[in-house]
Structure formats: structure tokens, C-alpha cells
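Chemist:
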Amino acid sequence: MPDGVGSVRWSPNGKLIAFTSRTQDERYTKDDEASMSPRKIETFFTRLNGEDFVFDRPQHIYIVPSDGTAAPRNITPGTHEHSGPSWLADSSGVVTSGALHETWDDDLANDLHLVKLDGEITTLTDQRGVYYAPSVSPDGARVAFIGSDDPLTSPQNDHVGVLEIRTKKREWVSRALDRTFSPTSGAIAPIWRDDKTLIAYAEDRGTAHVVQVDATGKSAPKWLTSGRKIVKAFNAVAGGAGATIAYVASEVNQLTELFVLTKSGERRLSDLSASLVAASTPQTWEHFTVPCGSKYVGGPNEIDVWMMKPRDFDSEKKYPMLLNVHGGPHTQYGETYF
3 MPDGVGSVRW SPNGKLIAFT SRTQDERYTK DDEASMSPRK IETFFTRLNG EDFVFDRPQH
63 IYIVPSDGTA APRNITPGTH EHSGPSWLAD SSGVVTSGAL HETWDDDLAN DLHLVKLDGE
123 ITTLTDQRGV YYAPSVSPDG ARVAFIGSDD PLTSPQNDHV GVLEIRTKKR EWVSRALDRT
183 FSPTSGAIAP IWRDDKTLIA YAEDRGTAHV VQVDATGKSA PKWLTSGRKI VKAFNAVAGG
243 AGATIAYVAS EVNQLTELFV LTKSGERRLS DLSASLVAAS TPQTWEHFTV PCGSKYVGGP
303 NEIDVWMMKP RDFDSEKKYP MLLNVHGGPH TQYGETYF
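Residues 3 to 340 (the working numbering) make up the sequence shown, in order.
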């Protein structure tokens with residue numbers, strides 16, 4: 003796999019491994035770019051930040067026997083991209099996300115698809131929203147995912163949804179918490195703690211924390227971690243409310259560290275910041291809010307601001323101020339080492 007692999011997933015029966023990898027056009031078999039044939043570009047979607055050209059090397063889903071007895075096999079060949087494989091409970095296929103509809107290059111819609119091991123694809127959503135990061139339930143009947151019904155509005159809060167595979171009926175189960183479940187660090191597929199409970203994570207005023215979500219949507223999401231930090235990734239094992247959750251998180255004056263959360267509480271397992279703190283004593287900052295005068299219905303009346311003062315700050319002195327304004331993606335950096 004010349005472009006490497008990602009999203010590695012073991013099948014429930016342990017016999018197969020699914021993963022993503024880019025399938026290169028024949029031009030990439032040449033040793034140097036000067037000898038490659040010219041690119042013929044006929045679509046708007048051609049490049050991705052950090053990936054360069056992708057229209058001629060789309061990301062596909064591959065499967066390979068876990069004992070290494072056969073080469074990887076592409077089960078989603080073609081020009082369309084697929085991501086986020088999640089195995090069906092009986093190991094007969096995976097659920098993925100991708101834009102396979104006819105107008106995929108003219109809109110931003112993204113769907114969930116059931117892909118059998120023989121390559122048969124059944125689309126589970128309706129080409130009208132943005133649905134991604136699928137996670138099949140332990141009983142194999144449902145799929146949890148992240149997304150929104152409106153692909154044209156950005157930024158907005160992405161939420162956790164649950165879809166019944168047989169009926170294709172879906173509902174949003176996290177909307178009682180008015181926060182996005184696709185934080186700056188990147189969306190992570192919800193994890194089924196049991197048949198009724200999901201683990202996800204969401205942003206909150208410059209922080210990001212692990213959240214427990216009722217898969218039925220009957221009760222509001224519950225924050226499981228807290229404090230002035232940003233959780234950047236997490237994982238959990240099935241087993242109900244007492245199961246262990248592992249996550250990595252960073253603070254303004256702390257590098258990303260590993261933590262576990264059990265029924266006994268939170269415990270930090272690493273101390274990668276020790277040498278940094280000993281050598282430089284990283285500074286923290288002050289957090290405050292200012293009125294923003296929002297003019298749209300339901301808009302906030304204040305925004306969050308962070309200010310880092312010079313070392314040995316003297317309130318009687320004047321200092322130049324550096325204002326960091328980022329004009330790129332709609333996101334927040336917040337309470338993290340940066």
C-alpha cells in the first residue's frame with residue numbers, strides 16, 4: 003500500500019481486518035513526476051489539505067485476512083472516496099461514509115453505506131445531509147454516527163445520530179446538549195458502551211470533553227470529564243457504566259498526556275510534560291468573556307477570550323499586545339498547549 007493505511011478495524015470474528023488506503027492511478031507507477039502522464043481534471047473535488055491531489059487516488063476500503071494468507075482486497079473500487087469502516091456484528095461487511103450520489107461533485111452531502119464483502123453497496127441515508135464516522139451497535143441492528151441534516155451551513159453543531167439498518171430510520175440523540183460533537187481535534191466515531199449507551203466527545207467554550215450519550219435520545223448527554231483542557235482522542239471498551247475509558251488530553255501549560263477514567267475516577271498515566279515544565283515553566287493564560295452583540299435569533303450574547311500576559315507581568319507597566327486572529331477553518335484552539 004504505497005500511500006499507507008488508516009482506520010484499521012478488526013472484524014468481530016477476528017478473521018479479517020478492514021482499513022482505508024488510497025488507490026493510485028496508473029500514472030503514479032512512474033518513478034519520477036517528469037515521466038508521468040498529464041492529469042485530466044474534470045471535477046471540482048481534486049485536492050485536500052495535507053493530501054495534495056486525491057481525485058486520481060481516491061480513498062477506498064480494503065480487507066485482508068488477519069493471518070496474512072492473502073493480499074488486501076479493495077471492496078469499494080471506483081472514483082468515489084470512502085472512510086470510517088465499522089464492521090457489522092456478523093463480520094459480513096462494513097458500514098462506511100462517502101459521497102456516492104450522482105451530484106456528489108456539486109454539493110456537500112455525504113452518506114452512510116453498507117458494504118458487503120463482495121462489494122455490494124446499500125446506501126443507508128438520503129443524499130441530503132452530512133453523515134459520517136459510523137459505529138455499528140453490538141447487536142448489529144443500528145449505526146451511531148456524527149453529522150447534520152444541512153450540508154450548506156457552516157459552522158454549525160454536528161450531533162450524534164442513531165440509524166436502524168433494517169428500516170433506515172434515523173434520529174438525533176444528542177441535541178439536548180447544544181454543542182458540537184465534532185471538535186477541533188477531529189470527529190471520532192461514537193463508541194457503544196452497551197446497547198443503550200454511547201461514548202462521544204464535544205466542545206464547550208474552549209474545552210473538549212468526553213460525553214455519555216443515551217442511544218435512545220430520551221435523556222440529555224452527560225459530561226464525563228471536566229476542567230480546563232481539551233480531550234483530543236478517546237477509546238472505551240464495552241461493559242456498561244463501569245467500563246474503562248482511555249483518553250489523551252492537553253492543557254495550556256501541559257503537553258498531551260494519557261488518562262483513564264474508571265468508576266473510581268480519573269487517573270493520569272503519563273507525564274511527558276515533566277522535562278518541559280522543569281526547563282521552561284510554561285505559562286497559563288487568563289480566560290474572560292466580552293459582549294458580542296449577536297444579531298441573529300438564538301445567538302450568543304458573549305464570546306470567550308484568552309489572554310496570556312508576559313512573564314513577570316507588572317500591572318504598572320505598558321506592554322505591546324499580540325492578537326492572534328485565525329482566518330481559516332471555523333474552529334477554536336482553546337485550552338490546549340499551542
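All C-beta atoms, glycine included, are put in the ideal place defined by N, C-alpha and C.
#1: Within the continuous alpha helix (DSSP H) that includes Val162, where are the two ends?
#2: Rounded to the nearest angstrom, what separates Ala222 and Ser184 at their Cα positions?
#3: Residue ranges of each beta strand (DSSP E) run of no fewer than 3 residues wholly in the stretch 69-93, ordered along the chain?
#4: Return the first residue and the last residue of the alpha helix (DSSP H) that Val213 is part of.
#5: Return yes when at least one heavy atom of the ligand ATP lies under 8 Å from the C-beta of Tyr249, else no.
#6: Does the distance from the C-beta atom of Leu18 to that of Ser85 stay below 9 Å?
#7: Measure the alpha-carbon distance for Lys320 versus Val292 and round it to whole angstroms.
#8: I'd like the span of the alpha helix (DSSP H) that includes Ser296, first residue to last.
#9: Would you identify the three-state DSSP class for Ala36, choosing helix, strand or coil?
#10: Could you give the C-beta distance for Gly229 and Gly336, rounded to a whole number, given that I count them as a contact under 8 Å?
#11: So the candidates are Ala276, Phe340, Val164 and Gly295; which of them puts its Cα closest to the Cα of Thr286?
#12: Tell me which residues share the same chain as His161 and place their Cβ nearer than 6 Å to its Cβ, disregarding the 5 neighbours each side in the sequence.
#13: Counting only the same chain and skipping the five closest in sequence on each side, list residues whose C-beta sits under 6 Å from that of Thr124.
#14: Tell me where the alpha helix (DSSP H) around Val279 begins and ends.
#15: Along the beta strand (DSSP E) that carries Pro136, what are the first and last residues, could you check?
#16: Arg49: buried (16+ other C-beta within 10 angstroms of its C-beta) or exposed?
#17: Can you tell me the Cα-Cα spacing of Ala146 and Asn255, whole angstroms?
#18: Taking the alpha-carbon of Phe261 as reference, which of Ser277, Pro284 and Lys234 has the nearest alpha-carbon?
#19: Taking only three categories from DSSP, how would you classify His258?
#20: How close, in whole Å, do the beta carbons of His62 and Thr25 come, if the pair is a contact with beta carbons under 8 Å?
#21: Report the rounded CA-to-CA distance for Tyr64 versus Lys231, giving the unit in angstroms.
#22: Taking the alpha carbon of Val250 as the reference point, which residue from Arg269, Ala240 and Lys265 has its own alpha carbon closest?
#23: Sort Leu325, Gly131, Tyr203 and Arg181 by Cα distance to Pro302 and report the nearest one.
#24: For Phe236, count neighbouring Cβ atoms within 10 angstroms of its own Cβ and tell me buried if that reaches 16, exposed if not.
#25: Give the DSSP-derived three-state secondary structure of Thr124 in the structure shown.
#26: Could you give the DSSP three-state label for Thr98: helix, strand or coil?
#27: Quick one: what's got a C-beta closer than 7 Å to Gln129's C-beta in the same chain, skipping five residues either side?
#28: If you reduce the DSSP assignment to three classes, tell me which class Thr186 lands in.
#29: Beta-carbon within less than 7 Å of Leu119's beta-carbon, same chain only, minus the 5 sequence neighbours each way: which residues are those?
Modeler: The structure says:
#1: On the sequence shown, residue 162 is found 160 positions in, with the first residue counted as 1. Unbroken run through Val162 is the beta strand (DSSP E), His161 to Glu166; no alpha helix (DSSP H).
#2: Residue mapping note: residue 222 aligns to position 220 of the sequence shown, counting from 1. Residue mapping note: residue 184 aligns to position 182 of the sequence shown, counting from 1. Roughly 18 Å separates the two Cα atoms.
#3: 85-89
#4: In the sequence shown, counting from the first residue as 1, residue 213 sits at position 211. No alpha helix (DSSP H) contains Val213, which is instead part of the beta strand (DSSP E) from Thr209 to Asp216.
#5: This structure simply doesn't include the ligand ATP, nor any ligand for that matter.
#6: Stepping through the sequence shown from its first residue, residue 18 is reached at position 16. Stepping through the sequence shown from its first residue, residue 85 is reached at position 83. Against a cut-off of 9 Å, the Cβ pair of Ser85 and Leu18 comes out as no contact.
#7: Here residue 320 is taken as the residue at index 318 of the sequence shown, counted from 1. Here residue 292 is taken as the residue at index 290 of the sequence shown, counted from 1. Distance between the alpha carbons of Lys320 and Val292 is about 22 Å.
#8: Numbered from 1 along the sequence shown, position 294 holds the residue referred to as residue 296. Careful: Ser296 lies outside any alpha helix (DSSP H) and carries neither H nor E.
#9: For the purposes of this step, residue 36 is taken as residue 34 along the sequence shown, with counting starting at 1. The answer is helix: DSSP assigns Ala36 an H, G or I state.
#10: Numbered from its first residue, the sequence shown carries residue 229 at position 227. Numbered from its first residue, the sequence shown carries residue 336 at position 334. With a Cβ gap of about 12 Å, Gly229 and Gly336 do not count as contacting.
#11: Position 284 of the sequence shown holds residue 286. Closest by alpha carbon: Phe340.
#12: As a first step, residue 161 is located in the sequence shown; it is residue number 159 there, counting from the start. Closer than 6 Å at Cβ, skipping near neighbours: Trp174, Ser176, Arg177 and Phe183.
#13: The count along the sequence shown starts at 1 and reaches residue 124 at position 122. The answer, listed in chain order, is Leu116.
#14: Locating residue 279 in the sequence shown gives position 277, where the first residue counts as 1. Looking at the DSSP string, the run of the alpha helix (DSSP H) that includes Val279 is Ala276 to Ser282.
#15: For the purposes of this step, residue 136 is taken as the residue at position 134 of the sequence shown. Run containing Pro136: Val132 to Val138, per the beta strand (DSSP E) assignment.
#16: Sequence index remark: in the sequence shown, residue 49 carries index 47 (1-based). Classification for Arg49: exposed.
#17: For this step, residue 146 is matched to residue 144 along the sequence shown. For this step, residue 255 is matched to residue 253 along the sequence shown. Those two C-alpha atoms are separated by around 35 Å.
#18: Position 259 of the sequence shown, counting from 1, holds the residue named residue 261. Closest by alpha carbon: Lys234.
#19: For the purposes of this step, residue 258 is taken as residue 256 along the sequence shown, with counting starting at 1. Checking the displayed sequence, the identity of residue 258 turns out to be Thr instead of His. In the structure shown, Thr258 sits in a strand (DSSP, three-state: E or B).
#20: Counted from its first residue, the sequence shown places residue 62 at position 60. Counted from its first residue, the sequence shown places residue 25 at position 23. Correct: roughly 5 Å between the Cβ atoms.
#21: For this step, residue 64 is matched to residue 62 along the sequence shown. For this step, residue 231 is matched to residue 229 along the sequence shown. So the two alpha carbons sit approximately 36 Å from each other.
#22: As a first step, residue 250 must be located in the sequence shown, where it is residue number 248. Nearest of Arg269, Ala240 and Lys265 to Val250, Cα basis: Arg269.
#23: Locating residue 302 in the sequence shown gives position 300, counting from the first residue. Nearest of Leu325, Gly131, Tyr203 and Arg181 to Pro302, Cα basis: Arg181.
#24: The sequence position of residue 236 within the sequence shown is 234, counting from 1. Buried, because 16 or more other Cβ atoms sit within 10 Å of the Cβ of Phe236.
#25: Taking the first residue of the sequence shown as 1, we reach residue 124 at position 122. Reduced to three states, the DSSP call for Thr124 is strand.
#26: Here the question's residue 98 lines up with position 96 in the sequence shown. DSSP places Thr98 in strand when its eight states are reduced to three.
#27: In the sequence shown, the residue the question calls residue 129 occupies position 127. For Gln129, where only same-chain residues beyond five positions count, the Cβ hits under 7 Å are His103, Ala111 and Asp113.
#28: Taking the first residue of the sequence shown as 1, we reach residue 186 at position 184. If DSSP states are grouped into helix, strand and coil, Thr186 belongs with coil.
#29: To locate residue 119, count along the sequence shown from 1; it is residue 117. Ile65, Ile77, Ser94 and Gly95, listed in sequence order.
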